[in-house]
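A.B. asks:
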Amino acid sequence: LVVNDRSRIPSTEFAKPRIKCNASMTGLTDKMPAYLLWLSTIVAVVLASLDSSANPEEYVAPRSASTGTRSVPTLQFVAVVTRHGSIAPFNTIPTSLYQSNDTSVWPFGEGELTQIGRVQMYKLGQIIRSLYDGFLDQAYQPDEFKATSSFVGRALQSAELFLAGLFPPTGYEVWNEHLLWQPIPVFPSLFDHHEMVLIDGNNLCPRFKEAQKLSLIKVNQVYNSILTNFLDYVLPHTGIDKRLLVKNVGSAYRIQTVFLVWESLEHASNNGLPLPDWANKIYPEPISSLWFEIAKALFTDSIDQIKYMEGELFQELVGLMKSKANNTLSPDTRMYYYSGHDYTLLALLAMLGQRSLEEIGFVSTGSALIYELHRDPDTNKFYIEVLFVDGVSPEWGPMDVDIQACDPPCDLYQLLNITDKYYKITNWKEECNFISRTA
């Protein structure tokens, strides 16, 4: 599977959940200066547009007088992990009416947030505000809230839009009465290795790739006849040269083709574009379920895959919760936010048990996985509740997510014991047998 900046299999920017649940350090020094330069440029432009009529001293920021639906007395800490908003496809089948490089259809470019995706993330921020208002102050407080993101542009943009919905400026925060937005820092994450382990060219994480290879062999064996029949049907409609496909077990061409067809249909559908008649036979099913099975083989089928992709990110999350429970968290953060990708959430769900992953299904754009840390006032013990907000139908509200082998209320330390095989990492590079890009 060759993965690069513009043509990659898979980018796995997945789609709608089909089943609802019940009720790197390397490259950082190269990227950081560009990131800071980009951020500085934005700040300069914003300051240059400052309306002189907006005087911050005229405003006083009130503390929240309302109470969100999840702001209960037992709540101590919240971690929110989101998938970015809807994007344009990276690639499309040759016969697609909506080619990925057609700027009349995708004006922001290949793989970039669409207008629908921007609205998704802004509304998601508003939803989180409605859940935790009162627990989280209406005014942005650096000691209470921290936002982080992967280095990928669509995730950074999604974080900014999410924050605009979560923290609309009030009182002294209003610096321009014609622009109800305020700058809130988004820090780059050092712990999400999704880009490293998915780039096949330099085999950056051999432990991951070895496990992935075995998983792909297995999924090709199990779904061999289904893949063959599926490709026999779609190929005449796609413009893909059948001679390029090697229909044998373990062939990457078959997976590439399933992904390319799925991506072409999914992104068009997500953005309200009509699909061709031939697609009605395969979309949304069975192609979505088929791609989900392939995706699990690619990313979450084994402990090593989950561990070396998102283990350090989960290690950070549980570390914050442990510190909160031990009263050693400094600053005393109330909410931690991470803007990531579908495979970020897929791996985190898999850590809670494959049952949780199956119940959610695909992680749609604009979805959120929420960890709540509560303290029982009678026993002073801490327990975890996990929620999922579906980006396709966020109006349904948060849904409970089962934690395998941990009945509710799930004790914090029982959760840590259940999941330690995924996050017990001392040195990611050494344990992963890391290979440098320059090697």
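So that you can map any letter, position 189 of the sequence shown is 186 in this note's numbering, and since no number is skipped, the others follow by simple counting.
Just so you know, even glycine gets a beta-carbon here, dropped at the ideal spot from N, CA and C.
1. Can you round the beta-carbon distance between GLN110 and GLN154 to whole angstroms, since I take them to be within the 8 Å contact cut?
2. Hey, ALA136 and PHE184: beta-carbon distance below 8 Å or not?
3. Use the C-beta contact count for ASN217: other C-beta atoms within 10 angstroms, 16 or more gives buried, fewer gives exposed.
4. Do the segment 378 to 398 and the segment 101 to 108 touch if we need at least three Cβ pairs shorter than 8 Å?
5. Check for me: the alpha helix (DSSP H) holding LYS418 runs from which residue to which?
6. CA-CA distance, VAL69 and ARG331?
7. What first and last residue would you give for the beta strand (DSSP E) that runs through PHE184?
8. If we ignore side chains and look at the alpha-carbon of each, how far apart do LEU354 and VAL75 end up?
9. Return the CA-CA distance between VAL389 and PHE311, expressed in angstroms with no decimal places.
10. Please say whether GLY114 and ILE84 have beta carbons closer to each other than 8 Å?
11. Between which two residues does the beta strand (DSSP E) containing ILE367 stretch?
12. Since CYS429 and CYS202 are thought to touch, with beta carbons under 8 Å apart, how far apart are those beta carbons, to the nearest angstrom?
13. My guess is that ALA322 and LEU370 are in contact by the Cβ rule of under 8 Å, so how many angstroms apart are they, rounded?
14. Taking Cβ positions only, does MET332 come closer than 8 Å to chain C?
15. Could you say if the segment 283 to 303 and the segment 247 to 256 meet the contact criterion of at least three C-beta pairs nearer than 8 Å?
16. ALA156 to LEU317, Cα distance in whole Å?
17. Say whether the segment 224 to 234 touches the segment 272 to 291, bearing in mind that this needs 3 or more beta-carbon pairs closer than 8 Å, one atom from each stretch.
18. Let's see if you can read the secondary structure: which residues bound the alpha helix (DSSP H) around GLN123?
19. Going by the DSSP bridge assignment, what does VAL77 pair with across the sheet?
20. Among PHE159, ASN200, SER266, which has the Cα closest to the Cα of SER93?
21. Within its chain, find whatever has a CB closer than 8 Å to the CB of GLN438; leave out the 5 residues flanking it on each side and keep chain order.
22. Could you please give the first and the last residue of the uninterrupted alpha helix (DSSP H) stretch that includes VAL315?
23. Does the distance from the CB of LEU287 to the CB of TYR220 come in under 8 Å?
24. Go through the segment 129 to 186 residue by residue and report every complete run of the alpha helix (DSSP H) that reaches 4 residues or more, in order.
25. Check whether the Cβ atoms of HIS190 and TYR305 lie closer than 8 Å to each other.
26. Based on DSSP bridge pairs, tell me the residues matched to ASN381.
27. Rank GLY131, SER97, VAL77, PHE87 by C-alpha distance to the C-alpha of MET118 and give the top, closest one.
28. Give the DSSP-derived three-state secondary structure of VAL258 in the structure shown.
C.D. replies: Once the coordinates are examined:
1. One point to set straight first is that residue 110 is Leu, not Gln, in the sequence displayed. Contact between LEU110 and GLN154 holds, since their C-beta atoms are separated by about 5 Å, short of 8 Å.
2. Contact check for ALA136 against PHE184 fails: the beta carbons are separated by 8 Å or more.
3. buried
4. no
5. Going by DSSP, LYS418 is part of the alpha helix (DSSP H) stretching over 409 to 420.
6. 13 Å
7. 183 to 185
8. 21 Å
9. 25 Å
10. Against a cut-off of 8 Å, the Cβ pair of GLY114 and ILE84 comes out as a contact.
11. 365 to 372
12. About 4 Å; that satisfies the 8 Å criterion.
13. 7 Å
14. Within the model displayed, chain C is absent; a lone protein chain is all it includes.
15. yes
16. C-alpha separation (whole angstroms): 20 Å.
17. yes
18. 112 to 129
19. DSSP, once it has assigned bridges, lists TYR334, ILE367 as partnering VAL77.
20. SER266
21. Because the chain here runs from -2 to 436, residue 438 falls outside it and cannot be looked at.
22. 300 to 322
23. Closer than 8 Å, so yes.
24. 150 to 163
25. Yes, the Cβ-Cβ distance between HIS190 and TYR305 is below 8 Å.
26. The residue you asked about is not Asn; residue 381 is Ile in the sequence shown. LEU370, CYS407, per the DSSP bridge assignment.
27. Closest option to MET118, Cα to Cα, is VAL77.
28. Of the three classes helix, strand and coil, the one that applies to VAL258 here is helix, per DSSP.
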